[in-house]
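Take my numbering: the final residue in the sequence shown is number 742, and no numbers are missing along the way. Think of the CB as a built atom: it goes at the ideal place given N, C-alpha and C, for glycine as much as any other residue.
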Amino acid sequence: MVTEFWIEKAWGESINNALITDAYNALIELINVDDEHGFIWIGHVDEEYVLEIQKDLQLFLIFGENQDKRLKMSILDWDKVVLLIRSYFDKDFGVLKNEFTMNLLDNIREIYNINKINNFSLN
Numbered sequence: 620m621v622t623e624f625w626i627e628k629a630w631g632e633s634i635n636n637a638l639i640t641d642a643y644n645a646l647i648e649l650i651n652v653d654d655e656h657g658f659i660w661i662g663h664v665d666e667e668y669v670l671e672i673q674k675d676l677q678l679f680l681i682f683g684e685n686q687d688k689r690l691k692m693s694i695l696d697w698d699k700v701v702l703l704i705r706s707y708f709d710k711d712f713g714v715l716k717n718e719f720t721m722n723l724l725d726n727i728r729e730i731y732n733i734n735k736i737n738n739f740s741l742n
């Protein structure tokens, strides 16, 4: 079966024509890998978005024409990662970008104790 997705693992394995089950299996491997700096990348052959998932629950959405833009998300549990992987394989890249942006805004509000940020743009 030919799919539009690929997976790269920090420990040297890659999967072309990846299915969502491959992503879930890679996530299980990541959780169990001994390397505290382990990570996986999930990408789409035609889209400019790459999802980087790190073992320490830091996630990055990498995008842009030259993949020169990065949004970061820190989360508390693997269940959220599973939901983000599902959105990625559903090709809901706008939803993913919004999730990462909202997480960024929440972090800024928390750091600066701001209730509302107006006119915020990542462009």
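Report yes if the CB atom of Ile659 is closer than 8 Å to the CB atom of Tyr707, and no otherwise.
Numbered from 1 along the sequence shown, position 40 holds the residue referred to as residue 659. Numbered from 1 along the sequence shown, position 88 holds the residue referred to as residue 707. For Ile659 and Tyr707, no; Cβs fall outside 8 Å.
How big is the Cα-Cα spacing for Asn635 and Trp625?
For the purposes of this step, residue 635 is taken as the residue at position 16 of the sequence shown. For the purposes of this step, residue 625 is taken as the residue at position 6 of the sequence shown. The alpha-carbon atoms of Asn635 and Trp625 are separated by roughly 5 Å.
Give me the residue from Thr622, Ala637 and Val621 with the minimum Cα distance to Lys768.
Nothing about residue 768 can be reported from this structure: the residues present for the chain run from 620 to 742 only.
If contacts are defined as beta-carbon pairs under 8 Å, then Thr720 and Leu690 qualify, I think. What distance do you get, rounded to the angstrom?
For the purposes of this step, residue 720 is taken as residue 101 along the sequence shown, with counting starting at 1. For the purposes of this step, residue 690 is taken as residue 71 along the sequence shown, with counting starting at 1. Yes, they are in contact, since the Cβ atoms of Thr720 and Leu690 sit about 6 Å apart, within 8 Å.
Measure from the alpha carbon of Gly713 to the alpha carbon of each residue in Glu632, Asn644, Glu671 and Glu667, then state which is nearest.
In the sequence shown, residue 713 corresponds to position 94, counting from 1. The residue with the shortest Cα to Cα distance from Gly713 is Glu667.
Excluding the 5 residues flanking Ile694 on each side, which residues of the same chain have their C-beta closer than 6 Å to its C-beta?
Start at 1 with the first residue of the sequence shown, and residue 694 comes out as number 75. These residues qualify, in order along the chain: Leu676.
Continuous beta strand (DSSP E) stretch holding Glu627: start and end:
As a first step, residue 627 is located in the sequence shown; it is residue number 8 there, counting from the start. Residues Phe624 to Lys628.
Secondary structure at Asn635, three-state DSSP: helix, strand or coil?
Start at 1 with the first residue of the sequence shown, and residue 635 comes out as number 16. Here Asn635 sits in strand by DSSP.
Name, in chain order, the residues that DSSP records as bridge partners for Leu715.
Taking the first residue of the sequence shown as position 1, residue 715 is located at position 96. Answer is none; Leu715 lacks a bridge partner.
Any idea what DSSP makes of Glu671, helix, strand or coil?
Within the sequence shown, numbered from 1, the residue matching residue 671 stands at position 52. DSSP places Glu671 in strand when its eight states are reduced to three.
Name the residue from Asp711, Asp725 and Ile704 whose alpha carbon lies nearest to the alpha carbon of Glu595.
With the chain covering 620 to 742 only, the question about residue 595 has no answer from this structure.
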